[in-house]
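Student: Submitted below is the structure of interest, expressed as structure tokens.
In my numbering, the protein residues as written are 1 to 314.
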């Protein structure tokens, strides 16, 4: 099985889906002639022309709205944000239009649109470019939210998102684009709403998504040397959440720690903790714990950024 990068996996997903379905197009800042800010759209302009790979101005509200309108009339847009922090500029189109038109139209209009791009803290990009917004988008009825941690999941989840008839938020790990993994050459999807056990264990369940999966896998190796067997569970999809897999894992281990890059107040980890206590209270040997970033805007200074972030030692 070929080993490719997370970036290449996303690129393959878009290219293969665009070859399969002529109604799919990509729009965003620098997606065409510059091949994307993170080179995820490399070569798509040359393959599909400016008709289907559209460079947009710095106007997120505008091109997100164009995407929603195109989806209403049967096209399948992929809207790329240079960083998901910029999606806040387009919040009205995402939350008040994309997420609600199907319900408000009585089912007359599907909105098959994907909003994708990098999210979460990177390295010294400042507080306005370091936000983990998944808990907000997962709060909104009408949206689906996926966050792949591996190249395999990135390709399979993005393909599933593109084929979905509902709006899907695909938040990619900004620090994961260069990571590599095995990806099949044959067509496949990763079903939205299905989690994955990244490491089997019997003493404690570590729940994490996106780049924190890798942090938990590193921590699990360290803890193994101390005789502690960690199971690492990657939800992959935050909305819908694979509650069945979560419950099965925690009932097996009796303990759960949720690890995320977001802030503690109203973070997505709180929803996971609720689901665990609701379904596994009688099986828990200890309270559910949460590991988050500090409850402050991410500093730019490296020493302060390191202090606010979470590593395997945490």
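Even for Gly, the Cβ is constructed at its ideal location relative to N, Cα and C.
Checking 8 Å against the spacing of the C-beta atoms, do residue 207 and residue 272 come in under that value?
Tutor: For this step, residue 207 is matched to residue 207 along the chain shown. For this step, residue 272 is matched to residue 272 along the chain shown. Taking 8 Å as the Cβ cut-off, residue 207 and residue 272 qualify as a contacting pair.
Student: Would you call residue 281 buried or exposed, if buried means 16 or more other Cβ atoms sit within 10 Å of its Cβ?
Tutor: Taking the first residue of the chain shown as 1, we reach residue 281 at position 281. So residue 281 ends up on the exposed side.
Student: Anyone know if the C-beta pair for residue 148 and residue 236 falls short of 8 Å?
Tutor: Mapped onto the chain shown, residue 148 falls at position 148. Mapped onto the chain shown, residue 236 falls at position 236. Cβ atoms of residue 148 and residue 236: closer than 8 Å.
Student: Could you name the residues that DSSP lists as bridge partners for residue 79?
Tutor: Your numbering for residue 79 matches position 79 in the chain shown. In the DSSP output, where bridge partners are listed per residue, residue 79 has 27, 115.
Student: State the Cα-Cα distance for the pair residue 39 and residue 289, rounded to the nearest angstrom.
Tutor: Taking the chain shown and counting its residues from 1, one reaches residue 39 at position 39. Taking the chain shown and counting its residues from 1, one reaches residue 289 at position 289. If I take the Cα positions, the gap works out to 37 Å.
Student: Given a cut-off of 8 Å, decide if residue 99 and residue 140 are closer than it, judged by their beta-carbon atoms.
Tutor: Taking the first residue of the chain shown as position 1, residue 140 is located at position 140. Taking the first residue of the chain shown as position 1, residue 99 is located at position 99. Closer than 8 Å, so yes.
Student: Are the Cβ atoms of residue 321 and residue 242 separated by less than 8 Å?
Tutor: Given a span of 1 to 314 for the chain in the structure shown, any question on residue 321 remains unanswerable.
Student: Keeping to the same chain, check which residues put their C-beta closer than 6 Å to that of residue 169; ignore five residues upstream and five downstream.
Tutor: Counting from 1 along the chain shown, the entry for residue 169 is found at position 169. Same-chain partners within the cutoff: 115, 137, 143, 145.
Student: Per DSSP, residue 278 is paired with what?
Tutor: To locate residue 278, count along the chain shown from 1; it is residue 278. DSSP output for residue 278 lists no bridge partner at all.
Student: Jot down the residue ranges of each uninterrupted beta strand (DSSP E) in the stretch 48-109, minimum 3 residues, whole runs only, in chain order.
Tutor: 53-55, 76-80, all fully within the stretch 48-109.
Student: To the nearest angstrom, how far is the alpha carbon of residue 252 from that of residue 202?
Tutor: Within the chain shown, residue 252 is the residue found at index 252, counting from 1. Within the chain shown, residue 202 is the residue found at index 202, counting from 1. Taking the straight line joining both Cα atoms gives about 7 Å.
Student: From which residue to which residue does the alpha helix (DSSP H) around residue 247 run?
Tutor: One-based indexing of the chain shown puts residue 247 at position 247. 243-253 is the extent of the alpha helix (DSSP H) around residue 247.
Student: Specify whether the stretch 102-118 and the stretch 187-204 touch according to this definition: at least 3 beta carbon pairs, one from each stretch, less than 8 Å apart.
Tutor: No: the two stretches stay apart, fewer than three of their Cβ pairs being nearer than 8 Å.
Student: Looking at the unbroken alpha helix (DSSP H) that takes in residue 186, where does it start and where does it end?
Tutor: For the purposes of this step, residue 186 is taken as the residue at position 186 of the chain shown. Counting along the chain, residue 186 falls outside any alpha helix (DSSP H), and DSSP gives it neither H nor E.
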